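Protein chains in written order, with the numbering used here: chain G, 1 to 252; chain B, 1 to 252.
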DNA sequence: GTCTATACAGTGATAGAC
DNA sequence: GTCTATCACTGTATAGAC
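Here it is in structure tokens:
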């Protein structure tokens with residue numbers, strides 16, 4: 001049986017899944033509150049831009065569309081952002097900060113490799129659903145972030161994520177929780193693609209075909225994918241071991 | 001042990017993986033051959049368009065770029081195609097025909113559910129790599145094909161693919177080759193996303209991080225993913241069963 | 001902070017000469 | 001079958017009034 005900590009305190013899956021950043025916190029703290037803060041408008045624009053970028057891609061989205069979405073004229077956008085690309089930077093920087101916070105929470109997590117793997121899968125899936133727009137952008141327009149030097153910090157975050165996953169998988173193999181013949185390199189990518197594409201599917205619940213309108217809840221879908229990942233990595237003799245239900249009950 | 005047919009004749013994985021369509025065959029057969037057939041120029045344009053659509057998306061690709069790629073002037077493209085969208089239709093119709101041929105070959109395949117599942121995974125992965133451009137388009141611009149009615153035939157092909165996969169998985173569960181608790185609906189999508197995203201990764205061998213420049217051959221990568229899929233679906237007591245190496249030796 | 005007005009390059013597509 | 005020339009429109013971005 002895979003070992004996990006008590007379930008309370010600062011080292012549980014729950015804490016990782018709840019990891020959030022708090023943008024604009026400093027500004028609010030140092031100034032008296034206003035009825036309409038300027039940051040709101042900016043965030044409103046970013047939200048609209050993120051949605052369009054996620055749905056049509058960055059290149060295919062126009063500033064006219066973004067402006068229309070926030071009921072403003074195109075020219076007025078340039079009071080808030082210098083270029084369209086600056087909007088993309090603002091959007092993905094938020095996400096990169098969130099990823100960093102998640103990584104730190106995961107690395108501080110007590111428990112064995114399997115517990116940490118489950119925690120990372122759940123955190124990743126939930127983040128994808130909670131922040132679908134930016135995750136879809138990073139996922140679908142990944143060529144853009146790979147190619148352009150201005151977005152090197154995105155790749156850096158992905159590398160950190162890779163290293164963390166590598167440590168988890170290697171630890172698991174050493175502890176004989178995971179298969180001895182596990183190809184860690186291929187498996188890290190496979191799990192990442194599995195979770196990302198599943199999160200994307202879950203959000204745009206369309207799938208291949210139109211029939212079968214069943215309601216797959218978030219918890220059920222997360223449990224399914226945790227089960228998938230464990231089947232891929234677990235040592236054969238542990239394949240049928242149940243998963244601690246407490247690990248999955250993190251809907252908050 | 002999972003049962004498969006002899007290995008020769010018209011019912012092997014090899015035949016499915018080799019499924020191809022032969023566009024322009026009829027035209028060539030009924031006319032005397034020329035030094036430069038008009039179909040060549042058309043195919044040349046389609047190839048360039050497919051590449052650009054795959055790399056930047058349909059919307060973000062311009063007819064000027066396509067024209068430049070085939071060293072022609074933008075206006076001349078409209079002698080071959082009425083609209084940019086017509087080019088996309090020509091590209092995806094080819095792929096849909098190929099999918100249909102693959103489905104028929106798979107449905108005509110002798111052997112049990114596991115053998116057919118392995119065949120479908122291999123065929124799909126290899127098709128994704130062999131015809132990367134159109135598969136990437138269908139994969140990355142999937143929202144376009146889902147939304148627009150003119151592309152309903154693409155969705156129809158995906159539905160046929162879903163039904164076929166459903167039959168394979170249900171057959172496998174009935175035959176007790178696969179897990180009794182298998183969620184067929186979720187698993188079909190999971191396998192499809194796993195293979196598609198893996199094919200995309202394999203082609204643009206970049207991954208998350210820049211280190212580790214190992215050479216993963218096509219055969220090795222296919223074997224890895226076949227193994228993954230079988231781990232996801234197999235009954236627990238069959239999890240460690242070896243895969244017939246002959247099933248994988250289809251590089252032809 | 002948003003507006004009006006606009007610059008100017010790029011977009012898909014067309015007409016007719018060669 | 002390709003070219004030249006051009007259309008109407010949309011693309012990002014800017015300047016200055018309010």
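Ideal Cβ placement from N, Cα and C applies to all residues, glycine included. Quick caveat: nothing in here was measured; it's all calculated off a predicted structure.
Min CB distance residue i to chain B below 8 Å
i	result
residue 189(G)	yes
residue 176(G)	no
residue 254(G)	Missing from the structure shown is residue 254(G); chain G here goes from 1 to 252 and no further.
residue 224(G)	yes
residue 183(G)	yes
residue 244(G)	no
Nearest-angstrom Cα separation, counted from residue j out to residue i
i	j	result
residue 246(G)	residue 199(B)	35 Å
residue 217(B)	residue 45(B)	30 Å
residue 47(G)	residue 60(B)	22 Å
residue 94(G)	residue 134(G)	9 Å
residue 123(B)	residue 69(G)	43 Å
residue 153(B)	residue 215(G)	26 Å
residue 241(B)	residue 157(G)	38 Å
residue 236(B)	residue 50(G)	43 Å
residue 13(B)	residue 119(B)	5 Å
residue 55(B)	residue 176(B)	43 Å
residue 164(B)	residue 103(B)	7 Å
residue 196(B)	residue 125(B)	7 Å
residue 67(G)	residue 219(B)	49 Å
residue 186(G)	residue 43(G)	38 Å
residue 226(B)	residue 129(B)	15 Å
residue 224(G)	residue 63(B)	44 Å
residue 155(G)	residue 161(G)	10 Å
residue 90(B)	residue 239(G)	46 Å
residue 148(G)	residue 168(B)	43 Å
residue 188(B)	residue 15(G)	32 Å
residue 311(B)	residue 40(G)	Because chain B here runs from 1 to 252, residue 311(B) falls outside it and cannot be looked at.
residue 143(G)	residue 174(B)	43 Å
residue 81(B)	residue 150(B)	16 Å
residue 253(G)	residue 172(B)	Outside the shown range of chain G, which is 1 to 252, sits residue 253(G), and nothing can be said about it.
residue 100(B)	residue 107(G)	48 Å
residue 243(B)	residue 121(B)	14 Å
residue 57(G)	residue 110(B)	43 Å
Any C-beta of chain G under 8 Å from that of residue i
i	result
residue 231(B)	yes
residue 239(B)	yes
residue 247(B)	no
residue 95(B)	no
residue 236(B)	yes
residue 219(B)	no
residue 60(B)	yes
residue 194(B)	yes
residue 17(B)	no
residue 208(B)	Residue placement at residue 208(B) is poorly supported in this model, since its pLDDT is 46, which falls under 50; the coordinates still yield a value, given next. By this cut-off, residue 208(B) is an interface position.
residue 197(B)	yes
residue 117(B)	no
residue 186(B)	yes
Alpha helix (DSSP H) runs wholly inside the segment 165 to 190 of chain G, at least 4 long, in chain order
none
For the segment 130 to 148 of chain G, which residues have a beta carbon sitting closer than 8 Å to at least one beta carbon of chain B? 140, 143 and 146
- Query: In the segment 87 to 122 of chain B, which residue ranges form an unbroken alpha helix (DSSP H) of at least 4 residues, counting only runs that do not cross its ends?
  - Reply: none
- Item | Inter-stretch contact at 8 Å, needing at least 3 Cβ pairs: the segment 73 to 82 of chain B / the segment 136 to 143 of chain B | no
Near-chain G residues of the segment 35 to 58 of chain B - C-beta to any C-beta below 9 Å | Answer set for the segment 35 to 58 of chain B: 55, 56, 57 and 58.
Three-pair Cβ contact test at 8 Å for the segment 114 to 123 of chain G versus the segment 224 to 234 of chain G: Yes, the segment 114 to 123 of chain G is in contact with the segment 224 to 234 of chain G.
Check your understanding: What alpha helix (DSSP H) runs, 4 residues minimum, are completely inside the segment 214 to 243 of chain G?
Key -> 218 to 233
Exercise. Given a limit of 9 Å on CB to CB distance, which residues of the segment 75 to 107 of chain G reach chain B?
Worked result: none
Original post:
Which runs of the alpha helix (DSSP H), 4 residues or longer, sit entirely within the segment 42 to 74 of chain G?
Top reply: 63 to 69
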